Amino acid sequence: MKEITFTLNDETVRVTEDPLKRLLDVLREDLGMTGVKEGCGEGECGACSILLDGKLVNACMVPLGVVEGREVVTPEGLRETEKGKTLIEAFADTGAVQCGFCTPGMVMAAEALLEENADPSEEEIRQALSGNLCRCTGYDLIIKGVRAAAERGKELW
Amino acid sequence: MSKQISKAVRRVDAVDKASGRARYIADHDFGELLYARILRSERPRAVITGISKPEFPEGYYYIDARDIPEGGKNRIRIIKEDWPVFAEGEVRYIGETIALVVGPDREKVLELLSQITVTYEDREPATTIEEGLACKGGPIVGEDNLFGAYTLIKGDPDAAFKRAARVVEGTYRTGFQEHLYMETQGMVGTWEDGKLTLYASAQCPFYIRKSVAGVLGVEEAEIRVRQVTTGGAFGGKEHFPDVIATPLAVAVNKIHKPVQLIFDRDEDIPFTCKRHPSRITIRTALDARGNILGMDIDTVINAGGYESSSLIVLQRAILHGLGVYNIPSARVRGRAVATNTFPSDAFRGFGAPQGLYAIEVHMSQVARALGEQPAAFKRRYFIRKGDMTVTNATMKDNVILEEMFKAVDEMSGYTEKARAYENDPLRGIGIAFVNHGCGFTGNGEQEIIKSVVRMKRTGPHQAALYVSNVEMGQGLQTVLRKIAAKELGLDYTDIAYDNPDTDIVPDSGPTVASRSTMVVGYLIQECAKKLKDRWDEGIGVEAEQHYRHPEGLTWDQETFQGDAYPSYGWGINVIEVALDLVTYEVRTTGIWSAFDVGVPIDETIMAGQVSGGIIQAVGYAALEKCEVRDGMFYQRTMADYTIPTAVDFPEVKNVFLENPYPYGPSGARGAGELVFDAAAPAYVDAIQSLTGRNVYDLPVTPETIMGVLKR
Chain A
49 MKEITFTLND
59 ETVRVTEDPL
69 KRLLDVLRED
79 LGMTGVKEGC
89 GEGECGACSI
99 LLDGKLVNAC
109 MVPLGVVEGR
119 EVVTPEGLRE
129 TEKGKTLIEA
139 FADTGAVQCG
149 FCTPGMVMAA
159 EALLEENADP
169 SEEEIRQALS
179 GNLCRCTGYD
189 LIIKGVRAAA
199 ERGKELW
Chain B
11 MSKQISKAVR
21 RVDAVDKASG
31 RARYIADHDF
41 GELLYARILR
51 SERPRAVITG
61 ISKPEFPEGY
71 YYIDARDIPE
81 GGKNRIRIIK
91 EDWPVFAEGE
101 VRYIGETIAL
111 VVGPDREKVL
121 ELLSQITVTY
131 EDREPATTIE
141 EGLACKGGPI
151 VGEDNLFGAY
161 TLIKGDPDAA
171 FKRAARVVEG
181 TYRTGFQEHL
191 YMETQGMVGT
201 WEDGKLTLYA
211 SAQCPFYIRK
221 SVAGVLGVEE
231 AEIRVRQVTT
241 GGAFGGKEHF
251 PDVIATPLAV
261 AVNKIHKPVQ
271 LIFDRDEDIP
281 FTCKRHPSRI
291 TIRTALDARG
301 NILGMDIDTV
311 INAGGYESSS
321 LIVLQRAILH
331 GLGVYNIPSA
341 RVRGRAVATN
351 TFPSDAFRGF
361 GAPQGLYAIE
371 VHMSQVARAL
381 GEQPAAFKRR
391 YFIRKGDMTV
401 TNATMKDNVI
411 LEEMFKAVDE
421 MSGYTEKARA
431 YENDPLRGIG
441 IAFVNHGCGF
451 TGNGEQEIIK
461 SVVRMKRTGP
471 HQAALYVSNV
481 EMGQGLQTVL
491 RKIAAKELGL
501 DYTDIAYDNP
511 DTDIVPDSGP
521 TVASRSTMVV
531 GYLIQECAKK
541 LKDRWDEGIG
551 VEAEQHYRHP
561 EGLTWDQETF
571 QGDAYPSYGW
581 GINVIEVALD
591 LVTYEVRTTG
601 IWSAFDVGVP
611 IDETIMAGQV
621 SGGIIQAVGY
631 AALEKCEVRD
641 GMFYQRTMAD
651 YTIPTAVDFP
661 EVKNVFLENP
671 YPYGPSGARG
681 AGELVFDAAA
691 PAYVDAIQSL
701 TGRNVYDLPV
711 TPETIMGVLK
721 R
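Protein sequences, first through last, are from chains A and B. Residues are numbered in this note's numbering as their position in the first sequence, beginning at 1, plus a constant of 48. Residues are numbered in this note's numbering as their position in the second sequence, beginning at 1, plus a constant of 10.
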């Protein structure tokens, strides 16, 4: 057990836990961040996507100890921001959401993309989302959702 | 879209889901939970000779058949009661439930599980269709290893083959397919106010209630099932939840504390039901001019160790055996064979995709054997209104396949490309035509399901609807609200529709078989009309609607003669491919579709169904390999079992053609499975166009293509 301090959605948190515990479990169970979903537990599906110092990572592959002193953003944090709201509204309006289990992770991946490239092409969006699996949509309407967010959020990214 | 109802609205669940607020089974707080893990058979076929367990600490439980209360039964009520809750003496497949280990600390539960040793006396397993048919190791069921067999006869197939100048034959095989819903199987059982309550990620709350009541030997009303937001299902949460609800209920019934049973992904892939593998042989009798005289179709599906819903799946496979064609004479035989693999069960399409795959690829091969373009050949045999179906009833639908073909041909350039690619070794284009029977087969809706829906006025401009059908991603919570709102003249957001709770809602049937929009939606439409008539009686007034079979339909469940389905959805897919000669990888360069779903209730929701269904089906055709080795699924993780990602396939370009169905809400037909049916045969037809050679089996991997080209 060790005390780990990091920034979670703009607030400082301290967790006393095994530093090898998966960040996914710490976020979901210790900190109540259930917007982070477990889809596979092996870094394949992206349902547990979060931002770690602005980079998209799978929380199931990150041991808690790694985040010491670093900045973590989950869907709970992103949804409070203008960028997050723009993405969520765009996803809702374009029909990008079906069962929804992959969606918070998709929104995180879209945010990471738009930070790097505010005006991505369809191909660039497909590449950026290729680490996030969806079994419902066939991806077409998710791609439209990201495009819509980019257009609506020209001032944001 | 011309109709107001087709105009897209924002889904009611979209913002909660996208923002991470929606709570799935693993996200709910049940307070102090116990955790359950399944002790599973490690052998495909064996007699259990002993089970040695470590000492269980206080608060930890080993739950097995001995914990089923008196009056209960160690069998799951699915269709037939053959599948045991807990294995007794023998095991028929790897992964069969032997016991549950339950306790407060997850790590300790896993440790106890690892310390249990089961000893077996192995029997020789049969794991393939051929081994099952040959009764390898002796029959698993009956004397011939068949759960059931059927034969449909139309016209005089024997005479057709006697007259034939030529016979074209092919055998088509499809493999297991894993649903890979993004949320794994999961359930929590609690004891609330003296009542066993199950919170489930599931499609059919009343199926679970029925199964659990049978196992515990209590009245169904003594069990409460509450569906929670479900992260995808595709048929995988139709019957399989019964297989986990029943042992869980036995545990909760004994312990009287909340118990959670949620699968990790590395349990969910190897130890849940999959799509039935199939082997279908088709022989076509042709006259000297190349006209089809008749067909003989032999369909076998691998049912696995227990029957589950395999016979109903088999029925749908053979009822779709002739596809969209009016074949003058036909014999369609079907058998569901027992093997020692995990029992196969429902998966989007429910047997139809296997039957349609075989007939579509075969028809293309017959066309090519005759030197004709597949689409031109197939179109000559399109069934029309009034023609005889395989069950000797007239087709009641107004079939608009020709208009649909024109629309998809214009979008895709199919006809010209098919001609151009005949001499292009690097490109190919394929087409497939399908229909999909909506709702339960025959008189199932009338005789078995008997749906009831209820509505209530809840405010000055508000109403609530009560049904047992679930939102699992397909958009039902928005679609049924739109249907109700239209009749009541309200906004769809003024209609309440909660996740079903069997203590509250009437049984409007399971969320399966492309029935929820067409059948339940129609009941909601009619119920809303009744409620509107009584609206002025004030807040609290209720209306109820019972299922009534459309008039003019007949069905004999003994002989399988009559109207197999009240109506069909219709579809065409065109798929274009290009070959990379270095890697033998095929890139899909275009996907086009045309669908007749009557009237789409919401064009965006339907567009989501189309893209999602087609991409799931090209995954089935091109990527999703699921092999059995030593009785065990060889692909066990998401890294091994690969589904399409965002970069694997291009955008699906689709058009809907309106063709209202009088007994569907605003004219809608079923659509959820139809959208899966055509892509696999269209993909294989494209590979045939590319290679100029016949392809028979799914999935078509780069190795398959290399093999085909070297032939």
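For every residue, glycine included, the Cβ atom is placed at its ideal position computed from N, Cα and C. This structure is a prediction, so every number in the text was calculated from the model and none was measured.
Residues of the same chain with a CB within less than 7 Å of the CB of E317 of chain B, apart from the 5 flanking positions on each side, are I89, K90, D92, F157 in chain order.
Q555 of chain B: member of the beta strand (DSSP E) spanning 552-556, first to last residue. The count of Cβ pairs closer than 8 Å, one atom from the region 665-684 of chain B and one from the region 424-435 of chain B, stays below three, leaving the stretches out of contact. For F605 of chain B, the secondary structure class from DSSP, reduced to helix, strand or coil, is strand. In the DSSP secondary-structure assignment, I73 of chain B is bridged to B:L110. In chain order, T655, A656, V657, D658 make up the part of chain B whose C-beta sits under 9 Å from the C-beta of S178 of chain A. By the C-beta criterion, the region 192-209 of chain B is judged not to be in contact with the region 50-63 of chain B, since fewer than 3 inter-stretch pairs fall below 8 Å. CA-CA distance, L72 of chain A to R390 of chain B, rounds to 58 Å.
Cβ proximity to chain A below 9 Å picks out A18, R20, R21, D23, A24, V25, D26, K27 from the region 15-27 of chain B.
Just so you know, the alpha carbons of R118 of chain A and K133 of chain A end up roughly 24 Å apart. With 16 or more other Cβ atoms from the protein chains shown falling within 10 Å of its own Cβ, H286 of chain B counts as buried. Neighbourhood of T151 of chain A in chain B, by CB distance below 7 Å: K27, A28, in chain order.
DSSP lists no beta-bridge partner residue for H189 of chain B.
Judged by pairs of C-beta atoms under 8 Å, the region 579-592 of chain B does not touch the region 633-645 of chain B, as fewer than three such pairs exist. Going by DSSP, D66 of chain A is part of no beta strand (DSSP E) at all; its letter is neither H nor E. Proximity of the region 227-246 of chain B to the region 121-135 of chain A falls short of the contact definition, fewer than three beta-carbon pairs being nearer than 8 Å. Among the CB atoms of chain A, one or more fall inside 8 Å of the CB of L190 of chain B. Leaving aside the five residues that flank R234 of chain B on each side, the residues in its chain whose CB is nearer than 8 Å to its CB run, in chain order, E202, K205, L206, T207, L208, R219, D511, T512, D513. According to the DSSP assignment, L99 of chain A belongs to the beta strand (DSSP E) that extends over 97-100.
Put simply, the backbone Cα of N445 of chain B is about 9 Å away from that of L366 of chain B. The beta carbon of L56 of chain A sits no closer than 8 Å to any beta carbon of chain B. At a C-beta separation below 7 Å, D66 of chain A has no neighbours in chain B, since its nearest C-beta there lies roughly 11 Å away. Assignment of P111 of chain A by DSSP, reduced to helix, strand and coil, places it in the strand class. Here F415 of chain B carries a helix assignment [DSSP, helix/strand/coil]. For F250 of chain B, no pairing in a beta bridge is given by DSSP. In the structure shown, H372 of chain B falls within a helical segment according to DSSP collapsed to helix, strand and coil. Under the Cβ distance rule, Q626 of chain B counts among the residues neighbouring chain A, one pair being separated by less than 8 Å. Residue pairing for F392 of chain B: DSSP places it in a beta bridge opposite B:Y335. If you draw a 10 Å sphere on the C-beta of I458 of chain B, you find fewer than 16 other C-beta atoms in it, and that means exposed.
Excluding residues up to 5 positions away in sequence, L135, V194 lie with their Cβ nearer than 6 Å to the Cβ of A158 of chain A in the same chain. Taking 8 Å as the upper bound for CB-CB distance, D77 of chain B and V342 of chain B are not in contact here, some 45 Å apart. Beta bridge pairing from DSSP links G572 of chain B with B:W565. Here DSSP, grouped into helix, strand and coil, assigns M305 of chain B to strand. For the set B:E552, B:V628, B:G485, the Cα lying nearest the Cα of F686 of chain B is the one of B:V628. The C-beta distance from A46 of chain B to Q187 of chain B rounds to 28 Å, too long to meet the 8 Å contact threshold.
Within 10 angstroms of the beta-carbon of N336 of chain B lie 16 or more other beta-carbons, which makes it buried.
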